[in-house]
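Residue numbers (this note's numbering): 229 to 438.
Heads up, the beta-carbon is just placed ideally off N, CA and C, and yes, glycines get one too.
Okay, structure first, notes after.
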Ligand code: HEC
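Here you go:
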């Protein structure tokens, strides 16, 4: 399958990434690893970025006011169930490495990674942390923090077009991502994952239990 639907807003999110600073520089894998990291190497970069990512998502609290539960999710998601064994790069979400967490409402159902008859309860929230390893020019081999992508399952019938999923996100500087959720997010999820309830799931090797 070829996906070329990365929405303009996702691209905008990429450009809005904050620069990495000295601390993140310590997290860089060697340049030769940029294109082809093992799970262990990806995990090592994540371990190094972890505290900084969390701090970043929780900055700019004011900007998150009035944006639903963004501030609460940014604060709490690390206490949710981990739904991936290591951060994996599926080639989506702008070639980012992604680490997935699911709140207690939907964790059991999500962790079945079902490809049909998915029955995710309303109130489920899924958070996906991200980082990127540059592949070109000066940024080659450098780790860069990425957004926290969020999906929340609304009450049945609230948004049939998106299978009742609400898509939001927080930038590495803590500000809410701005995008058209249908064009930037739901379109790809619906076109590719409608049979599995709109869920993409981590790549197989990264699934818990595999
Ligand atoms: C080009 C296709 C594409 C677009 C556009 C896209 N996603 Fe995804 N999304 C995926 C894929 C593939 C996965 C599974 C990959 C993984 O988890 O490693 C995924 C997984 C997720 C997950 C984890 C839950 C799940 O489905 O397993 C969240 C949360 C998420 N995306 C949010 C968003 C948000 C928010 C946007 C818009 C800013 C967005 N996505 C745009 C393809 C896309």
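DSSP bridge partner residues for residue i (one or two, in chain order)
i           : result
residue 353 : 380
residue 394 : 380
residue 371 : 361
Environment of residue i [buried if 16+ CB atoms lie within 10 Å]
i           : result
residue 416 : buried
residue 232 : Confidence is the limiting factor: at residue 232 the pLDDT is only 36, short of 50, which leaves the residue's position unreliable, though a coordinate-based value still follows. Exposed, by the Cβ-count rule.
residue 374 : buried
residue 248 : For residue 248, the pLDDT reaches just 40, beneath the cut-off of 50, and the residue's location in the model is therefore unreliable, leaving the point undetermined.
residue 397 : buried
residue 187 : What is shown of the chain runs 229 to 438, which leaves residue 187 out entirely.
residue 409 : buried
residue 270 : buried
residue 267 : exposed
residue 386 : exposed
residue 429 : buried
residue 292 : buried
residue 328 : buried
residue 315 : buried
residue 419 : exposed
Under 8 Å between C-beta atoms of residue i and residue j
i           : j           : result
residue 400 : residue 284 : yes
residue 355 : residue 407 : no
residue 365 : residue 391 : no
residue 331 : residue 353 : yes
residue 340 : residue 434 : no
residue 273 : residue 371 : yes
residue 382 : residue 302 : no
residue 436 : residue 311 : yes
Among the options, the one whose alpha carbon lies nearest that of residue i
i           : options               : result
residue 256 : 360, 391 and 340      : 360
residue 334 : 318, 269, 308 and 326 : 308
residue 403 : 282, 269 and 272      : 282
residue 351 : 412, 338 and 380      : 380
residue 414 : 393, 433 and 423      : 393
residue 358 : 299, 348 and 378      : 378
residue 422 : 343, 363 and 431      : 343
residue 325 : 419, 438, 277 and 418 : 277
Cβ-heavy atom distance, residue i to ligand 1, below 7 Å
i           : result
residue 436 : no
residue 300 : no
residue 352 : no
residue 314 : no
residue 348 : no
residue 399 : no
residue 386 : no
residue 412 : yes
residue 428 : yes
residue 442 : Since the first residue of the chain shown is 229 and the last is 438, residue 442 is not available in this structure.
residue 377 : yes
residue 356 : yes
residue 265 : no
residue 305 : no
Heavy atom of ligand 3 within 7 Å of residue i beta-carbon
i           : result
residue 417 : Ligand 3 is not part of this structure, which contains only ligand 1.
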